[in-house]
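Report on the following structure.
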Amino acid sequence: MISRTNTDRLTVYLVERTPSVRRRQLRLLASLDGLRVAGAGHDAQAHQTELVDLQPDVVLIGLNATENTPLPRIRALAIALPASTLIVLANEGTPQMRRACLMAGVAHCLDKTLEIMELRNLLLAMASTARQHRQR
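If you read the sequence shown in UniProt numbering, its first letter stands for residue 1, the second for the next number, and so on.
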């Protein structure tokens with residue numbers, strides 16, 4: 001099991017329903033120094049036990065516009081993983097969506113297409129901070 005306590009890398013768990021998008025995002029994560037993918041799944045609710053066991057530093061949650069009631073599930077995940085940073089990758093990064101996600105307990109809400117470089121930079125900064133913190 002990869003957890004935040006036995007690695008100097010930032011541990012990331014990816015939740016994305018669409019297989020092709022999940023593969024593309026996993027390739028991005030694999031290319032970033034200082035990160036380790038702790039796991040990936042298609043549904044946070046279905047993988048919640050695994051997520052709680054792993055306690056990743058970051059959970060990336062793909063949010064599709066067609067999903068029914070995603071915010072209560074995100075809120076439940078935020079409660080179950082209080083030490084993890086939740087980042088939503090939404091199909092639409094509207095101000096209303098961002099506000100709703102932040103109110104549900106996520107730290108960041110990014111457009112999964114238009115803000116991929118922001119995601120990359122955010123994860124690299126988090127990895128650097130985690131590495132410095134763990135070396136103390």
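Backbone N, C-alpha and C fix where the C-beta goes; we use that ideal spot for every residue, glycine too. For clarity, every value in this text was computed on a predicted model and none was experimentally measured.
Residue i and residue j closer than 9 Å at C-beta
i	j	result
leucine 54	cysteine 101	no
valine 58	valine 21	no
leucine 28	isoleucine 61	no
serine 84	leucine 63	no
alanine 130	leucine 10	yes
leucine 122	histidine 108	yes
proline 56	leucine 26	no
leucine 119	alanine 90	no
Segment limits, alpha helix (DSSP H) that includes residue i
i	result
leucine 32	Premise fails: leucine 32 is in no alpha helix (DSSP H) and is neither H nor E.
Boundaries (first-last residue) of the beta strand (DSSP E) holding residue i
i	result
threonine 11	10-15
Helix, strand or coil at residue i according to DSSP, with G and I counted as helix
i	result
alanine 44	coil
Cβ-based neighbour list, residue i, same chain, cut-off 6 Å, excluding 5 preceding and 5 following
i	result
leucine 77	Ala44
leucine 114	none
histidine 47	Gly41
Own chain partners of residue i with C-beta closer than 8 Å, once the 5 adjacent residues on each side are dropped
i	result
valine 106	Ile61, Ile74, Ala78, Leu86, Ile87, Val88
aspartate 33	Leu124, Ala127
threonine 18	Gly62, Asn64
Close-in-space but distant-in-sequence residues of the same chain around residue i (CB under 7 Å, 5 per side omitted)
i	result
glycine 39	Tyr13, Glu50, Leu54
alanine 104	Leu71, Ile74, Arg75, Ala78
Complete runs of the beta strand (DSSP E) confined to the stretch 49-127 [at least 3 residues]: 58-63, 85-90, 108-111
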